[in-house]
Structure formats: C-alpha cells, structure tokens
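J.: Before we start, here is the structure in question, set down as structure tokens.
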Amino acid sequence: MEWPVNEVQQSIIADECEDEAINTGLEFVQEFTEEVKRNVEPIEVARNPFSHPWEEGNLVLVVNGVKLHLHRFMLTLSSPVFNTMLKSESKETSNAEITLPGKDADDILNLLKQLYPQERDEITMDNVERFLKLAEEYQIKTVLDLCATCLRNEPKTKDNAMKILLLVQKYRLSYVGDDCRNVLAKLSLQRLEKYKEFSDLNGENLRAILLPGMRRLEKTVKELSPQVSGMVAFAMWLSSQGRKDMMWCPVHIPNGKPRVSIRECLQTCPVCEKVIESLASNTIERQHRAGKGLLKSIASSFEYVYTDFKDDHFDSNFNSVVKNMFDLVD
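Just so we're aligned: the sequence shown equals residues 2 to 331 in my numbering.
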C-alpha cells in the first residue's frame with residue numbers, strides 16, 4: 002500500500018535531489034580538474050624543472066616574480082660571481098632567496114638548465130648570443146665552453162663567418178675563430194668592406210684576415226713580374242720584325258732587341274719609356290678592327306687604346322702599371 006505524499010514531503014524530496022545533483026556535478030568538476038592537472042603538470046615540470054623544490058635543494062632565485070628552486074652548491078661551483086654573491090648574503094637559512102633584478106626569467110631558466118646536464122637544451126646559433134652574455138656576466142665557464150662548441154661546429158660561410166668571428170672576439174674565444182678567419186681571408190678586400198661590421202674587427206683578426214691575401218698577392222706579383230718583362234721584350238721583337246719605322250733606344254733596345262731587362266729600361270731610361278709607350282699606339286691602325294680587338298681614338302689627347310669585349314686592354318698607362326708592379330716586388 003502506497004502512502005500519499007504531501008507537499009512538504011515533495012519539497013524535501015526535491016531538495017535532496019537537487020543537493021545530490023550539485024554534489025555529483027562538483028565531484029565531476031573536481032575529477033575533471035584533477036585529470037587536467039595530471040596531464041598539464043608534466044609539461045610544466047618538463048619546461049621548468051626548477052618550479053618546485055629539489056630534493057636537498059636549499060636555494061631559490063627570484064626573477065621577475067618567478068621562483069626557481071635549485072641547489073646552492075651548483076651555483077657556487079659553477080660561477081665565481083654567484084659564489085661571492087651567496088657568501089655576502091646574511092641569510093644562511095636552508096631556503097635562502099636571492100633576487101636577480103632586471104633579468105629575464107626565461108633566460109635565467111635556460112641558463113640554469115645548462116648547469117644540470119640532464120636538463121640541458123641545445124645551444125644553437127639562434128640563442129648562443131644570449132647564453133654568452135649571461136655566461137660571461139656570471140663567469141660560468143661550463144656554459145662558455147658549450148657556446149664555444151656550438152660556434153666551432155657551425156659550418157662557416159661568407160654569410161655567417163663575420164658574425165661568428167665578432168662573437169668570438171667579444172667573448173674572447175680566440176681558439177674558435179680560425180675557421181672564420183680562413184673563410185674571410187679568401188674574400189677580396191672590396192667584399193670585406195661590404196660587411197658593416199668590418200670596422201669592428203680588432204687588430205689581431207684584421208691581420209689574420211688580410212695578411213694571407215697580401216702574401217698571395219706578393220707571391221703572384223713576383224711570379225708575374227718576369228713574365229710581363231718577357232712578354233714586353235717579345236712584343237718589341239715582333240714589332241721590329243713587322244715595322245721597320247719604329248724608333249728604338251740605341252743604348253738599351255737597338256733594333257727592338259733589349260740588351261738589359263725591361264725593368265731596368267723603365268727605371269733608368271726615359272727613351273725606353275717612350276719606346277714601350279709607343280707599342281700601345283702602334284699595335285693596330287687607327288679605326289681598325291682585328292678579331293675582337295678595337296682601336297679607340299680619343300680626340301683630345303690622340304691616345305690609342307687596344308681593348309676587347311672583356312675589358313682587357315693595352316694602352317699608354319702600361320708603363321705606370323708595370324712600374325707599380327716592379328715596386329711591389331722590391
């Protein structure tokens with residue numbers, strides 16, 4: 002037999018059902034929240050292993066309100082700067098806090114990761130400069146060496162060699178810069194001057210870059226000098242065979258046959274200079290074309306120039322150019 006339910010009882014039953022629904026909803030929300038925490042917390046810890054105290058940890062760095070938990074001995078062993086800072090602190094509690102004003106929390110976090118080998122992220126060309134700046138400020142040799150390894154292993158090209166060398170120079174990692182200097186030493190001076198940072202190089206790096214090119218130039222000029230002299234002497238002989246009206250130096254070049262070196266002719270005899278200069282103007286006739294060669298007459302000075310379509314030329318400036326070459330050999 003069912004007893005009738007009055008209004009009071011109906012109200013009580015409704016309240017109980019509502020309470021049960023609320024409790025069930027709260028339990029669901031709580032379970033959902035815990036599930037989210039279980040999924041999210043490992044990511045947070047993986048990104049920031051210093052967000053919670055370590056076992057036997059006894060130091061907290063505070064950076065922009067972010068607390069980073071670590072071991073005091075890791076800082077004191079790694080950094081003379083932190084060692085001095087910690088010794089000067091009056092606090093000797095088990096969880097001393099040190100505030101680092103004006104620092105970026107992510108930069109300090111990444112720096113600390115390098116002190117714990119199991120937490121290290123890779124140092125790359127994208128972040129090496131930030132690591133170098135902090136590692137030098139806090140005198141952390143371990144991180145400086147890791148940065149040096151990154152710079153040493155980076156393939157050097159004409160596009161990155163100057164940037165890497167300036168980092169090497171700034172942070173005194175000279176033992177890393179040889180590859181950069183070798184790449185830059187192969188470039189022309191004109192190309193080097195296009196680097197806006199070229200003027201920032203110190204004397205040591207400038208010498209290392211420029212001297213190899215100067216030595217190559219000196220060696221080439223020394224090898225080229227006798228070849229040019231021989232070519233000029235040969236050109237005179239050819240000219241003497243084909244043109245009987247050429248004027249020769251009776252002392253040094255009678256009948257187009259040099260008695261002394263062309264170098265001596267140019268350095269000691271003005272008549273010889275005129276003879277060699279006349280080779281240019283007498284090489285081809287005015288307005289005459291021969292193969293790719295073209296004679297140009299400049300009306301104002303009646304200078305004759307032999308050139309071709311690759312800008313190779315033979316003109317009255319030949320004497321001064323050859324003299325300069327001989328001067329480089331001396």
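For glycine and all other residues, C-beta sits at the position ideal for the given N, C-alpha and C.
Whole angstroms are fine: how far does the CA of Ser-175 sit from the CA of Arg-73?
T.: If you take the alpha carbons of Arg-73 and Ser-175, they lie about 32 Å apart.
J.: Cβ-heavy atom distance between Glu-130 and the ligand GTP below 8 Å?
T.: Absent from the structure shown: the ligand GTP. Ligands present: none.
J.: Would you mind giving the Cβ-Cβ distance between Leu-110 and Met-75, rounded to the nearest angstrom? I have them listed as a contact below 8 Å.
T.: Not a contact, Cβ separation roughly 14 Å.
J.: Look up Glu-98 in the DSSP assignment and say whether it is helix, strand or coil.
T.: DSSP places Glu-98 in strand when its eight states are reduced to three.
J.: Going by beta-carbon coordinates alone, are Leu-167 and Glu-137 separated by less than 9 Å?
T.: Result no, Cβ atoms of Leu-167 and Glu-137 do not sit closer than 9 Å.
J.: Would DSSP call Phe-74 helix, strand or coil?
T.: Correct three-state label for Phe-74: helix.
J.: Distance, Cα to Cα, Ile-277 vs Arg-217?
T.: Answer to the nearest angstrom: the Cα atoms are 28 Å apart.
J.: Are the CB atoms of Leu-135 and Asp-107 nearer to each other than 9 Å?
T.: Not closer than 9 Å, so no.
J.: Would you kindly report the start and end of the unbroken beta strand (DSSP E) that includes Leu-62?
T.: Here the beta strand (DSSP E) through Leu-62 covers 60-64.
J.: So, at 7 Å on beta carbons, what are the nonlocal neighbours of Gly-58 in its own chain, with the 5 sequence-adjacent residues on each side left out?
T.: Excluding residues within five positions, the ones whose Cβ falls inside 7 Å are His-70, Leu-71 and His-72.
J.: Taking all protein chains shown into account, decide if Arg-192 is buried (16 or more other Cβ within 10 angstroms of its Cβ) or exposed.
T.: Flag for Arg-192 reads exposed.
J.: Could you check where the alpha helix (DSSP H) with Asn-206 kicks off and where it finishes?
T.: Per DSSP, Asn-206 belongs to the alpha helix (DSSP H) from 204-243.
J.: If Ile-124 sits next to Cys-148, beta carbons under 8 Å apart, how far is it from one beta carbon to the other, in whole angstroms?
T.: 6 Å between Cβ atoms; contact.
J.: By the three-class DSSP mapping on this structure, what secondary structure does Phe-315 have?
T.: Strand at Phe-315.
J.: Reducing DSSP to helix, strand and coil, say where Leu-69 ends up.
T.: Leu-69: strand per DSSP, three-state reduction.
J.: Excluding sequence positions up to five away, which residues of its chain have a Cβ less than 6 Å from the Cβ of His-253?
T.: These residues qualify, in order along the chain: Arg-260, Val-261, Cys-266, Cys-270 and Cys-273.
J.: What span of residues does the alpha helix (DSSP H) with Arg-264 cover, start to end?
T.: That run of the alpha helix (DSSP H) goes 263-269.
J.: Does the segment 233-244 come close enough to the segment 205-224 that 3 or more CB-CB pairs lie under 8 Å?
T.: The segment 205-224 is not in contact with the segment 233-244.
J.: Find the nearest neighbour of Met-215 within the set Leu-188, Lys-142, Ile-263 and Gln-228, judged by alpha-carbon distance.
T.: Checking every option, the nearest Cα to that of Met-215 belongs to Leu-188.
J.: Could you work out which residue in Ala-281, Gln-268 and Asp-105 is closest to Met-326 when comparing CA atoms only?
T.: Per the Cα distances, Gln-268.
J.: Identify whether Arg-131 lies in helix, strand or coil by the three-state DSSP scheme.
T.: In this structure, Arg-131 counts as helix in the three-state DSSP scheme.
J.: Considering only C-alpha positions, which residue in the set Val-177, Asn-183 and Arg-173 is nearest to Lys-159?
T.: If we check each option's Cα against that of Lys-159, Asn-183 comes out closest.
J.: Along the chain, where does the alpha helix (DSSP H) containing Asn-111 start, and where does it finish?
T.: Asn-111 -> alpha helix (DSSP H) spans 106-116.
J.: Which residues mark the beginning and the end of the alpha helix (DSSP H) in which Met-163 is found?
T.: Unbroken alpha helix (DSSP H) run through Met-163: 162-171.
J.: Please report the residue range of the alpha helix (DSSP H) in which Met-247 lies.
T.: Looking at the DSSP string, Met-247 is not in any alpha helix (DSSP H), and its letter there is neither H nor E.
J.: Quick one: using the 10 Å Cβ neighbour count with 16 as the cut-off for buried, is Met-163 buried or exposed?
T.: Its Cβ being crowded by 16 or more others within 10 Å, Met-163 is buried.
J.: Using DSSP with H/G/I as helix, E/B as strand and the rest coil, what is Glu-138?
T.: The answer is helix: DSSP assigns Glu-138 an H, G or I state.
J.: Who are the Cβ neighbours of Arg-131 in its own chain at under 7 Å, not counting the five residues just before and after it?
T.: Taken in chain order, the residues that qualify are Asp-108.
J.: With distance defined between alpha-carbon atoms, name the residue in Asn-65, Gly-231, Met-86 and Gln-170 nearest to Pro-102.
T.: The shortest Cα separation from Pro-102 among Asn-65, Gly-231, Met-86 and Gln-170 belongs to Asn-65.
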